[in-house]
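Residue numbers (the working numbering), protein chains in the order written: chain A, 3 to 335; chain B, 3 to 444. By construction, the Cβ of each residue, glycine as well, lies at the ideal position given by its N, Cα and C atoms. Because the structure is a prediction, the values reported are computed rather than measured. Just below is one structure, and these are the notes that go with it.
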């Protein structure tokens with residue numbers, strides 16, 4: 003009994019000594035910042051940064067390979083935190099959200115045949131391009147839904163993918179998963195979208211979908227900011243120029259353009275605060291602002307399209323929200 | 003001695019060839035409109051060289067080849083070009099096509115390449131004439147034929163096989179061609195042999211076509227440069243690798259082409275087209291198509307101008323019988339289901355198959371019960387159920403290790419699956435993912 007305890011005790015002591023020596027001799031130096039950064043990253047391993055996961059990104063950040071803004075789902079807050087740990091400047095981040103550029107539900111864009119294969123968009127595309135008559139449209143089989151690490155995109159009862167803008171982080175996993183390439187990432191503060199990717203002529207589009215872009219150019223002509231141009235016969239919005247004024251949505255004859263702004267307010271100039279610098283009048287695309295230099299300016303509410311360009315241009319914050327602007331679909335400004 | 007065949011897997015679907023096997027080939031009258039797609043082959047689509055309003059003559063090139071793996075497209079008859087724009091395409095979404103209104107005169111271009119001495123021509127000249135004639139594999143795969151006849155210099159081809167197996171159920175186009183025009187086929191074989199400097203080739207025919215075996219066998223013996231090999235009836239006997247294995251005993255290694263074992267396989271219809279191109283400079287503007295199935299009134303074998311809408315062919319076969327369930331271009335095992343009867347017949351359209359509603363299986367997909375029938379049926383020795391499970395979990399690297407890319411998409415696994423699992427579709431999807439991953443260097 004006693005010798006057994008002694009032998010085992012000795013063996014245990016030797017093994018412990020060995021481990022102690024090994025842990026000192028073969029210690030792997032880990033930059034403590036790696037763990038700190040891992041702590042602030044979202045930890046969902048979505049891969050949107052291009053690295054194998056959050057740990058790999060943390061390593062790359064410490065090694066200076068990745069920019070502090072590399073974590074797309076984390077957005078500005080994470081970028082600031084990472085930059086703080088690394089002691090660098092975070093730079094600008096633009097929050098983006100996924101937008102599905104198709105609104106052709108089965109009632110307006112019917113199927114051409116019955117598809118009985120694997121319920122996945124990428125698999126369905128292998129069968130003659132998929133069941134939908136429009137070769138560009140959302141098939142609603144949910145490849146994007148399964149790819150989303152944030153539960154932010156779902157196929158609705160209308161068999162179209164819908165983005166939950168609250169949950170979407172702009173990681174782009176759905177963009178990659180969609181075989182029709184109808185999802186893209188748009189700055190989150192842009193709220194007017196052309197929801198079609200069919201580049202064909204109007205007649206061909208009409209034959210497959212009643213809400214597709216027919217390339218009529220009315221939106222292009224209406225846009226006061228030159229933000230819409232036609233690529234083949236498909237209108238596209240340049241998010242750099244778009245101000246989400248929503249005029250295009252009011253003239254679109256096929257209701258292809260969606261306007262997510264619920265209420266717009268006409269501009270109202272606080273005459274006491276206005277210094278008469280004329281900057282607002284210069285940026286107004288519809289000449290709705292008038293006034294002499296150094297005198298308070300006024301907004302013509304009949305002309306104002308509530309694009310908020312003047313509000314942003316005013317150096318003294320003298321322009322505020324006025325009367326709500328109510329526009330119906332098809333009511334051309 | 004039992005007839006030769008391939009050793010692994012294979013299935014015996016009901017062949018239904020009696021519907022059309024005894025019907026001689028008849029020329030299909032020209033339709034009101036021909037829709038000639040610019041992409042009827044694997045490789046770069048042809049570039050259109052005609053425009054709206056142009057008058058074209060039969061055999062005149064209307065699209066030119068873009069690069070080596072590409073072939074030109076020719077006007078199937080004389081007439082007026084109505085438009086050049088996307089039109090229904092047998093592979094799915096609309097693709098650019100030249101729409102021709104036939105003038106009914108069927109005048110041929112007289113600047114076709116003059117006849118040459120087909121058996122004395124230089125191999126390069128033969129390949130050039132084959133490409134200029136727009137010839138592609140007419141068994142259905144539509145790979146440009148001149149590319150198949152241009153192995154790299156270090157590869158020695160010692161075996162040429164003509165594929166007269168026609169193992170797809172329902173189809174009888176190759177069967178009728180072998181019975182009615184054996185001399186064109188044999189002459190084409192002789193041209194192919196001359197490209198490789200060989201003096202003997204093989205013709206593989208399934209034993210369910212004894213009349214073709216007898217006729218071609220006799221002619222081959224008379225002419226001395228061909229041997230007809232009768233093959234056991236088993237699907238997919240006509241698949242390239244299975245055919246090579248059955249005739250030569252050689253196995254094409256995983257991931258490689260038949261040329262790796264010194265073999266070149268051409269469809270019998272392709273051989274006939276090669277003869278027309280080399281001997282007379284005649285481009286590929288028509289083919290034999292079987293219009294068949296229990297869903298048409300009178301199944302027929304038709305000589306069809308490329309671009310003829312399928313609707314026209316169905317009318318020529320007496321129209322619909324019963325409620326249509328499924329329209330398939332090609333055979334039931336590997337053909338492509340289509341929704342639109344305005345889709346045109348193209349160079350690879352060996353059959354137009356209409357199944358009535360009660361012959362279309364629409365059982366919902368059930369769970370895999372691990373019965374292993376798909377594994378037994380696979381002629382490539384793959385494990386379809388495992389590949390399907392792997393790719394359902396996006397395990398692309400593992401699907402690659404399980405040799406997804408070796409799948410020839412013959413459909414045997416889907417045919418035998420008692421749970422109606424779309425196995426081929428899953429593996430096709432897996433192949434796409436594996437290739438994308440390899441391109442990324444993953």
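- The C-beta separation of residue 274 of chain B from residue 302 of chain B comes to about 19 angstroms, leaving the pair out of contact by the 8 angstroms criterion.
- Within the model, the alpha-carbon separation for residue 318 of chain A versus residue 269 of chain A is close to 15 angstroms.
- The continuous stretches of beta strand (DSSP E) do not include residue 127 of chain A, which lies in the alpha helix (DSSP H) extending over residues 123-127.
- Residue nearest to residue 127 of chain A within the set A/164, A/103, A/180 and A/148 is A/180 (criterion: CA-CA distance).
- In this structure, residue 245 of chain A sits away from residue 316 of chain A, with a CB-CB distance that is not shorter than 7 angstroms.
- Chain B has a Cβ within less than 7 angstroms of the Cβ of residue 128 of chain A.
- Among the CB atoms of chain B, none fall inside 7 angstroms of the CB of residue 291 of chain A.
- Beta-bridge analysis with DSSP links residue 134 of chain A to A/113.
- Cα atoms of residue 7 of chain A and residue 28 of chain A: separation of roughly 31 angstroms, rounded to the nearest angstrom.
- Residue 298 of chain A and residue 124 of chain A have their C-alpha atoms some 60 angstroms from each other.
- Counting only Cβ-Cβ distances below 9 angstroms, residue 338 of chain B has contacts in chain A at 129 and 130, in chain order.
- According to the DSSP assignment, residue 184 of chain B belongs to the alpha helix (DSSP H) that extends over 184-198.
- The alpha helix (DSSP H) runs of length 4 or more contained entirely in the region 369-412 of chain B are, from start to end of the chain, 375-379, 386-394 and 398-403.
- Residue state for residue 272 of chain B is assigned as helix, using DSSP reduced to three classes.
- In this structure residue 193 of chain B touches residue 276 of chain B by the C-beta definition: roughly 6 angstroms separates them, less than 8 angstroms.
- For residue 44 of chain A, same chain residues with a beta-carbon under 6 angstroms away, outside a window of 5 residues either side, are 75 and 76 in chain order.
- In this model, residue 237 of chain B and residue 143 of chain B are separated by some 17 angstroms (Cα to Cα).
- Residue 97 of chain B: member of the beta strand (DSSP E) spanning 94-104, first to last residue.
- Between residue 89 of chain B and residue 77 of chain B, the C-beta gap is not smaller than 7 angstroms, which leaves the two residues out of contact.
- Counting of Cβ neighbours within 10 angstroms places residue 70 of chain B among the exposed residues, the total staying below 16.
- DSSP, read as helix, strand or coil, puts residue 222 of chain B in helix.
- Residue burial is scored here from C-beta neighbours: residue 62 of chain B has at least 16 other C-beta atoms within 10 angstroms and is therefore classed as buried.
- DSSP places residue 172 of chain B outside any beta strand (DSSP E), giving it a letter other than H or E.
- Contact with chain A is found for residue 424 of chain B, since one of that chain's Cβ atoms lies less than 7 angstroms from the residue's Cβ.
- In the assembly as shown, residue 4 of chain A is an exposed residue. Its beta-carbon has fewer than 16 other beta-carbons within 10 Å.
- In this structure, the CA atom of residue 355 of chain B is about 37 angstroms from the CA atom of residue 236 of chain A.
- Within the DSSP secondary-structure output, residue 260 of chain A pairs in a beta bridge with A/195.
- Interface with chain B (7 angstroms Cβ-Cβ cutoff): residue 139 of chain A is excluded.
- With a threshold of 7 angstroms between beta carbons, residue 343 of chain B makes no contact with chain A.
- Legend: CB atoms of the region 98-121 of chain A lying less than 7 angstroms from CB atoms of chain B belong to residues 114, 115, 118, 119 and 120.
- Under the DSSP assignment, residue 416 of chain B falls in the alpha helix (DSSP H) whose first and last residues are 414-418.
- With respect to the 7 angstroms criterion, residue 188 of chain A and residue 241 of chain A are classified as neighbours on the basis of their beta carbons.
- Think of a sphere of 7 angstroms around the beta carbon of residue 364 of chain B: the chain A residues whose beta carbon falls inside it are 118, in chain order.
- Taking a C-beta distance under 7 angstroms as the contact criterion, residue 174 of chain B and residue 279 of chain B do not qualify as a contact pair.
- With respect to residue 329 of chain B, residue 340 of chain B sits close: the two C-beta atoms are nearer than 7 angstroms.
- Residue 309 of chain B is positioned such that its CB atom lies no closer than 7 angstroms to that of residue 343 of chain B.
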